[in-house]
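Peer 1:
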Amino acid sequence: MDVEARDSPLDVASDRCGLLSVYLSTDEDSDDGPDQETFNDEEPVLPPPDLKWLEELYEDDHGDVDGDGDLAVAAVNGKKRRCAETARMFKLRRNLDQLDRFHRQKEDDVLKAREELQLCRECIEGLVEDRENLENEIERQRAADNSVAVFRLRAQHKHLCQKLQSEEELEGHINTWLKQQERLLCEVEVELGRFSSLRQEVQEEERVFQVLKDQKAASRLQRQSKANQHLQFKMQHHRDKQAAMLKKAEAECQKKIEAGQANRKIAAKYLKETIKRMHRQEAEKEQQSRELLEKRIQAVKSLKSNIAATQESLRVQQSRAKASAQKKEQRQRQLKESLEAQGINSIKHMYQQKQLEEIKRKQAEFKERQKSKRVEIVEKMLQEGQQEKSRKRHQALPPKPSATDKFPSLGRVREKLLRYLDPGPPSATKERATIQLRQFSDISSSSSASSDVEDLEETLHQEVDHQSLADSLAEPEFSGLWDQNYKKLLKEKTTLVQTDVKQEEPAMASGKLNIPAKKVHGKELKGPPFISKPEVILFKDFEVGTMYKKKVVLTNISYVTNHCKLLGVSAQLKDFLSINFESPGSLSTGMSCDMQAVFQPLINEDVEGEVQFASAVGRFSVPVRCTIKKCDLEVDNQFIDFGSHVVGQTISWTITLTNKGALPTCFSLDTSTCLSPETSHAQTASQASADACQEKSSQNTTSDDQSSPVSMGTGELQPKQESQEHPESEASATGPEVIPETCVSTDVHVQMDQSHSDCGDISLGNVREGEIGPFESLKLEVVFTPTIPGEAKLEFHVKFSDLTCKPIPIQVRGVAVSVPVCVVQPCIDLKICMFDRLYQDSIMVQSRASTALKLTFEVCPEMRKHMEILPKTGLVQAQSSFNAQLKFLPRSSLSKDAKKLFDSDTGVLEVPMTVQVAGQVKPAHFTVHAVVTSSDLQFDRTEVDFGFCSIYRSVKSSVRLTNLSLLPQDFGFLGVPECIELQPDDGFGTLLPQETLEIDLIFSANKAKEYHFQLRCKSGINRDVPLSCRAVGVCPPLQLSHSLVQFGATAVGDRSTAVLYLINLQTDHNQSKQPVPPVVKDAVAPVAPRLFSFSLPEDSDISITPSAGGLLPGERWLVQVTFRPRLSDQEIKEEVLRLLQRAKSLCEHECSSDFISIHISLSFAVITPHSQPEQYEEARASLLYAFTQRYRKCTVPCFVSDGGPPEDDRQAQPAWSPFNTLFLKLQCPAVQPPLVVISNNGKHVVDFHQLAVGEKVIQRFTVQNISRDALDLRSSVLDVLGPFSLLNALRCIRPGEKHTLVLAFSPSLEKKYCEILEVCSQKMTLEMTLCGEGVVPAVTSSHPGGLLDFGYVLEKESTSHVLKLQNSSAVAVAFRVLLASLSPSRPQGGAESVAFLLRTYTDSQVQPTVGTQNHSGLSVFSVGPAEGSIAPGQSLDVAVTFQPDHESVNYSDRLTIELMNKSKVCVVDLKGAASSHSMYLFGGDLLTVPIESLLPPLITSQPHLTDESELMEKPTIPVLVTLRAGYSAGVFTPAVRELQVGCMRSTQPIKKTAEFHWDNVASLQQLGFSVEPSKGTVKTGHRRTITVTWTPHSGYKPYEVVQTCLPLTLKGDEMNVYRVTLMALVSTTAD
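For the sequence shown, this note's numbering gives the first residue as 1426, with consecutive numbering after it.
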């Protein structure tokens, strides 16, 4: 038994001595409870539950006394006596129960001591028997002359004797403890006998108490039943009332529901109408938004095409500029060379040329600036003219002038102005002015197109355009059309109506008019009065710049004679459509008139509108529709079904693609239904290029104005020559650059589509893309070639380069049916085969034909030596199968015979086979697959040399055995010598394909000699692989008890220790010290003192003690090896770098990579635990959390000398032989620590720093279980007398949980402390270092202590006083402020007050410590802050607030400021008074005791008084002033007393001054009294002193008391009257 592991019985006995008669005390002893202890700390004493009944009984009795109002002393004392008896009964019962428990505990202690004594005696007997056996063994080994065993047995005998002695001592202690426990048990039994009569008495009292309690319960139950009946009656009445109200509410609700339903029907009717109207409005808005969206889409498309063209032109210009710059540079170089050849200074000549060019350029720029300024002047003048006209028209709108009047005047003004500004040719000037004028007119018309003035200006500019266009264009597009049209428009006398639609006529712009039905001659006319033929004026497939005319016939279909008048056209047609219409006058029914519509488009967009007329019946309109050239494509069939066809056939289907539109387009067939982003991007690019090609190809056939819609939209016109030359030059410039790129992108797209479409059985024909012209049809071919039985599907789209044409999807379906005869298994896999071994398999041929067919199996000529099929010919029956046998015998010549079928590098063989079927066109094919491999095993070396090997240790060498085959092979070593061991599995095992296995050869020498032997490894197919081995055995002089130390799994931060012995087995001291060569057989090392030294590797987790020393012959040393796994600094630095790199990755866009790498390298150089502790600890914690396991093997050499140092020089180093070296192999597995510290940055140091002596500070550190198992935590025992303590218990924490250890530091002396706390678990021990320093505090207060008087305060108001605390110590000091009224140790129940009242009360200034308190329960004196901490060298203000809630002059309390070490800084007595009025009188004698009663004053009821009577009859406040005059040697000394009248400040508005005056002052002088002053005023917040003097008159009788009474009136917020009684006497001791 281990003595230290047992609990000391003496300590247990000492804890329980002298506790027998503590709790068997009477009522008088029970008051000393706080100073006593309980019997058993493990079982806390709880108050009995019957004390609640005791309190209720006392409350009931006390309530009865209060209810009766009888204050009879006898009745109250009887009640209190019964309560005291009951309390005494419970206390006795509690003490008796504790005595019983103590008796049972002592019995258990006696039984436990006897059991331990019995166990101790049995252990002693066993130890005695072991000692005898060990002595016998020592004698036997001594007889055998085995000194080593004798030394070892003696040490064991010594240890056994020590253990036996400790057990005997323990037996004596236990025996003593048993006697003490038996004695205590006897004493307890005696005590039980003494209190047996008391127990009976208590039982009787309990029975009586139980009866009383039952009676009380019965009476209470009766009262409760009556209360329940009354409550049920009230509830029934309430339910009836609620039911009546509910019926009434239901009736009202029904009425409301009916009214609501009626209103709902009415509202539903109007709601439906509103919803219909809203739907109609929404449909109209949707239609408008759709039209607007379509217009925007067209604008965006046009903008995209223009942007593409602009980009292309910019690229061409850039390339052209680059080429021109190169040519210019080349010309300059040539010029320079020619000038130098002629002998001219080339630099000077070129400089002069540049100067001339610069001068010319500046002149040209100056001219351009002049021209631009002239144009600006023209624009400004025109704008001012327009503004002037506009202003005049607003004043009085003049009649509309004709076109012939306006144009000449404007032309004359313009010519005159331009002739003045520019002296150039008039034609060019006129042309430029025309262009500028047109641009300005377009801008002004687009900005304000709705006004009449703008319409007038627009008409003017259109005429100017016609004139300038006729003059400037030399060659129109169509011969004669322009001139004829222009002359016709000038000479025609009919009215040329332009598009002049105003916003004041919304009906004309909204489409056709809804003409109401009219009755003419009794007949109702429906529809328009005129009909047009054609009904719609249609201009289809128009081209920009071409003029179109169409004749329209209007017929009168009304029932009366009617006339027709042209009103105008829609706003969107006014720039393009003109109507030639001559009013025919009156037309009879059925008569017609002609009208000509002239359409000249300027933009390439669809336009719709109407021509509006007026008639006698009403207005009507003729719709106009103008459409551009479009593509209208369709196919004749979008779903193709080929049906069922046999595998091998080819079927085609033709699809017709038709273009019903007038615009050609490019098409392509796309088989990719779900295009990737890259494919769609390429396709879009190709389509864009195709569109560009289409636009370029169509430029030669379309009008010149169509080349730039944007320029047409802005109103710019270019000459025809420029428009024709520009496309040609652009095509010539971009031809060799742009067109090849477009073609390449198109070819790539076609190749992608072709590869995608040809992947299945259904493919497309040769025509996959092309161009389809207007009103043209093309044939597209789809081919179905089934190769695999089953259903084949293909879905492709016909896509077009015109973006307005949507792709046309086409679905193709076909079913392939297999041939009648086929091989069931088309691919026969023979898996992996070896050379020269036979492999077989079966071939099954299935026939679905209705007749028998002949089969012929063919093998290719290359494989006929290695493969054969039997039979070669067979007959398969109808609807049956045929089996053939395949034989495969690969030979070594396979790689030469079948080079095309066999890959010698990988060993893969693939042989195609054919089955010819009679009458079947397509033969049945199948393939034979196999992987052919060898079966060789190979060692990585042919010979193993173990070198010199000690006979006390084993040497391991590893060889690698490789399986060169692709199949697993078994192997085994046979005939292995005894001196060698093979691992794993003793040299037997299985090698997987291409696997290399490392085999450990462990050699153990039996003798010191040379060894030569050979190992043979056999494979599963009986192949031998030899391996030669040799070694030399030696015998070292020293020996280790263990050459291998396997440490257990040790957590990082923990440690493991192993103990071994280093032994010098040599015992002959006289043998020669000369070393013998180790190669000599049976050689023995010389016997001599040997020196040893363990050499540990650098930065190792291993420590060996002792690491060096010397052993005499026969000596043995204990060696302790300790393994402390830890994280190296290099690993932590690398982790810090990784964290820094992850943090720096967020700001890589701000800093360059070179700067980041330099910063990281510099950080790596300066990372230390002291320079960057936070980063260092963070990296360490990260490694611990991510740590899994680490296994390291370490071999520590122990160098042994050949002998001692030479005799002539003892300081020289002895000779060290490498053959004597011992090796200690250590296996050190490190695992993740199950317990880590996660607080305080992972530090294992808890530093409490400096703390004031006597104070207590608490710190916490949190540990977390990061393992997968629950851990039971326990801690080491801290010094009981030390300042450190562990406050909370340790518990079992589950995986992932955290546990916080609460440590307290409370120094008692001024010094530094340090202690180590070990937190132990099943897997590791965590060491925490606790340190701290104790410092003596020094705190002073601004108030020295004593009395602090707050004076008078209005009730329910407050005043404050500040105490300043100064900390002059070096640490922060905690303090707390205590009030005596709030102290828990203050006597309760008014004990202090009673004691104060009972003592002699002679001094009026004496006040109790705690005086009057507030009625609200709140403390009258409050302190803030009540506790806190003062920083070193700082001060803190403590505010004391006085806030009374009723009138009293006896407010007092005691304030104590103490530190946490219980030392007091100061003790202050607080005093204050409160008044209900702002004026108060202070002074005089005390008429009442300073302790107030908690009972309210007995106030009798009085009748209601009026204000005057209340003022007159208000009770006065009595004040007594005693004056004692002195008498000495026949001379009287006047007596003087002072009274103070004050006026308090208040938060409420009151008078700034208050008054006071004495009444009947004249009567005082007769008695010798005088008052000064008799009246006066007092300011708010001040006091006024009144002096009362008494001088005895000449006839004063000794011992006579002079007394008088007079009122003192105080006028503040209220008027108070004090009845001051002056009492005077003469005293010889007055002084």
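Heads up, the beta-carbon is just placed ideally off N, CA and C, and yes, glycines get one too.
1) Note down, in chain order, each residue of its chain lying with its Cβ closer than 7 Å to the Cβ of residue 2034, except the 5 sequence neighbours on either side.
2) Could you spell out where the alpha helix (DSSP H) holding residue 1987 opens and where it closes?
3) Decide yes or no for the touch test of the region 2079-2095 against the region 2236-2254: beta carbon pairs closer than 8 Å, at least 3 of them.
4) Are the region 2210-2218 and the region 2262-2281 touching by the rule of at least three beta carbon pairs closer than 8 Å?
5) Given a cut-off of 8 Å on the beta-carbon distance, is the pair residue 2282 and residue 2342 in contact?
6) Are there three or more Cβ pairs, one per stretch, closer than 8 Å when the region 2753-2770 is compared with the region 2664-2673?
7) Give a yes or no on whether the C-beta atoms belonging to residue 2800 and residue 2790 are separated by under 8 Å.
8) Three or more C-beta pairs under 8 Å: does that hold for the region 1976-1989 against the region 2004-2019?
9) What number of angstroms, rounded off, separates the C-alpha of residue 1617 from the C-alpha of residue 1628?
10) Residue 2946 and residue 3013 - do their beta-carbons sit closer together than 8 Å?
11) What is the rounded straight-line gap between the Cα of residue 3022 and the Cα of residue 3010?
12) Taking the alpha-carbon of residue 2721 as reference, which of 2772, 2619, 2662 has the nearest alpha-carbon?
13) Whose C-alpha, out of 2441, 2537, 2542, is nearest the C-alpha of residue 2465?
14) Report yes if the CB atom of residue 2270 is closer than 8 Å to the CB atom of residue 2073, and no otherwise.
15) Going by C-alpha distance, which of 2983, 2989, 3043, 3020 is nearest residue 2906?
16) In the DSSP assignment, find the unbroken alpha helix (DSSP H) run with residue 1972 in it and report its ends.
17) Could you check what DSSP says for residue 2227 in three-state terms: helix, strand or coil?
18) Between the alpha carbons of residue 2412 and residue 2452, how many angstroms are there, rounded?
19) Following the continuous beta strand (DSSP E) through residue 1611, name the residue where it begins and the one where it ends.
20) Residue 2455 and residue 3058 - do their beta-carbons sit closer together than 8 Å?
21) For residue 1518, which of helix, strand or coil comes out of DSSP?
22) Mind checking residue 1670: buried by the 16 CB within 10 Å criterion, or exposed?
23) Sort out for me which residues DSSP pairs residue 2656 with in a bridge.
24) Pick helix, strand or coil for residue 2834, following the three-state DSSP scheme.
25) By a C-beta neighbour count over all protein chains shown, 10 Å radius and 16 as the cutoff for buried, is residue 2641 buried or exposed?
26) In three-state terms, what does DSSP make of residue 2068?
27) What distance in whole Å lies between the Cβ atoms of residue 2278 and residue 2244, which are believed to be in contact at a cut-off of 8 Å?
28) Residue 3016 to residue 2961, Cα distance in whole Å?
29) Going by C-alpha distance, which of 2978, 2993, 2977 is nearest residue 2949?
30) Within this structure, are the beta carbons of residue 2025 and residue 2005 separated by less than 8 Å?
31) From the DSSP output, in three-state form, read off residue 2323 for me.
32) Helix, strand or coil: which one does DSSP assign to residue 3057?
33) Go ahead and label residue 2332 buried or exposed: buried means 16 or more other beta carbons lie within 10 angstroms of its beta carbon, across all protein chains shown.
34) Please report the distance separating the alpha-carbon of residue 2253 from that of residue 2329.
35) Helix, strand or coil: how does DSSP classify residue 1769 here?
36) Among the candidates 1547, 1548, 1541, 1578, whose CA atom is the shortest distance from the CA of residue 1558?
Peer 2: By the coordinates alone:
1) 1994, 1995, 1997, 1998, 2049
2) Here residue 1987 belongs to no alpha helix (DSSP H); instead the beta strand (DSSP E) covers 1987-1994.
3) no
4) no
5) no
6) yes
7) yes
8) yes
9) 15 Å
10) yes
11) 31 Å
12) 2662
13) 2542
14) no
15) 3043
16) Element bounds for residue 1972: n/a, residue is neither H nor E.
17) coil
18) 13 Å
19) Careful: residue 1611 lies outside any beta strand (DSSP E), inside the alpha helix (DSSP H) at 1572-1619.
20) Residue numbering for the chain in the displayed model covers 1426 to 3056; residue 3058 lies beyond these limits and cannot be assessed.
21) helix
22) exposed
23) 2476, 2614
24) coil
25) exposed
26) strand
27) Rounded, the Cβ-Cβ distance is 11 Å, inconsistent with contact.
28) 9 Å
29) 2993
30) no
31) coil
32) With the chain covering 1426 to 3056 only, the question about residue 3057 has no answer from this structure.
33) buried
34) 20 Å
35) coil
36) 1578
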